[in-house]
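Q: One structure is given below, represented as structure tokens, and several questions about it will come after.
Numbering (this note's numbering), first residue to last: 117 to 467.
Here it is as structure tokens:
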């Protein structure tokens, strides 16, 4: 019922659409989107592999020389080659130059969310319901007024999909390095969310802590940026301590100088505190500590342990792959991170 609107073809004139080919082998397999057990109705499967290619929507007025998409794809391709292809994944690079183009794209975005297996409401009503949501109306206003907002979003009910939304991509267009960096960071989150039940609290065994999500993505994107020849990883990690780097203030050092009673895994602390962004930085250093001080293979920390979270839970998966329980790790890391810059930087090889 209402299937004609769901199969509506992409229009050409009002925006660019890019289907991105990846180097992932042409094999199909399934992932459980969310860590709930397969027998529960909440478990939904999304196809992964080259059959699902990332789709980039670019509004009019952007990408005139092709650089916006080229530099985004530079990061996205690297991340997919490393983590694997998870999706469907839609990227929205938007700007205020053409309201018609923007509204066209949001209609296509609504169409991607239509559940064809749902008898009610009809597809037309599902599209209108999405477009009239207060947060969607507000987001469109942000696009048309040139406000920079957005980030990764995902659905928890069918159809399961992931989206990276940039409401003002003109800034990305002017900064090729940050454009690539952002693509790397957000796709790590796609991989993470594909192995966690985001309907549950961060403290749940079926979900990951904030420091794991943001810290590991901050670490991985910086490492990959160095591998691409775009930044100096050691220098970046030092700047997280001294200046906050490209994240925010206070830096790690400023935070530690004024705060004694903090816990990396205490979600309520980061939600209520005035320096929530610090867990990005502390989390990146916690990731570095696992890899460079405890000598756990990087791919295990960034990728492999996630595969066991759905079956074992966060704590058991961490212990199995990292070789120590989370409680012991938190104690060791707390003592480590309070050392001087020179002392903590010793964990990184000099080159």
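Where a beta carbon is used, it is the ideal one built from N, C-alpha and C, also for glycine.
(1) Distance check for residue 407 and residue 371, CA to CA, integer angstroms please.
(2) Just list the residues that DSSP pairs residue 370 with in beta bridges.
(3) By the three-class DSSP mapping on this structure, what secondary structure does residue 236 have?
(4) Answer with buried or exposed for residue 291, where buried requires no fewer than 16 other C-beta atoms within 10 angstroms of its C-beta.
(5) Would DSSP call residue 227 helix, strand or coil?
(6) With residue 460 and residue 449 assumed to form a contact (beta carbons below 8 Å), what rounded beta-carbon distance in angstroms separates them?
(7) DSSP puts residue 276 in a beta bridge; with which residues?
(8) Buried or exposed: which applies to residue 466, given that a residue is buried once 16 or more other Cβ atoms fall within 10 Å of its Cβ?
(9) Looking at the unbroken alpha helix (DSSP H) that takes in residue 464, where does it start and where does it end?
(10) Pop quiz: residue 246 and residue 207 are said to be a contact at Cβ under 8 Å. What is the actual Cβ separation, rounded to whole angstroms?
(11) How about residue 431 and residue 321: do their beta carbons lie closer than 8 Å?
(12) Name the one or two DSSP bridge partners that residue 270 has.
(13) Report whether the distance from the Cβ of residue 387 to the nearest heavy atom of the ligand FMN is below 7 Å.
(14) Taking the alpha-carbon of residue 416 as reference, which of 227, 318 and 199 has the nearest alpha-carbon?
(15) To the nearest angstrom, how far is the alpha carbon of residue 244 from that of residue 409?
(16) Taking only the alpha-carbon atoms, compute the straight-line gap between residue 462 and residue 229 and give it to the nearest angstrom.
(17) If we count the other Cβ atoms within 10 Å of its Cβ and call it buried at 16 or more, is residue 170 buried or exposed?
(18) Does the distance from the C-beta atom of residue 203 to that of residue 278 stay below 8 Å?
A: Taking the definition as stated:
(1) Their Cα atoms are separated by approximately 23 Å.
(2) DSSP lists no partner for residue 370.
(3) coil
(4) exposed
(5) When DSSP states are grouped into helix, strand and coil, residue 227 belongs to the helix group.
(6) About 11 Å; that fails the 8 Å criterion.
(7) Bridge partners of residue 276: none, in fact.
(8) exposed
(9) Note, residue 464: premise wrong, no alpha helix (DSSP H); not H, not E.
(10) Not confirmed; about 18 Å, so no contact.
(11) yes
(12) According to DSSP, which records beta bridges pairwise, residue 270 is partnered with 278.
(13) Within the structure as shown, the ligand FMN is missing, as the structure has no ligands at all.
(14) A check of alpha carbon separations from residue 416 across 227, 318 and 199 identifies 199 as the nearest.
(15) 53 Å
(16) 48 Å
(17) buried
(18) In this structure, the beta-carbon distance from residue 203 to residue 278 falls below 8 Å.
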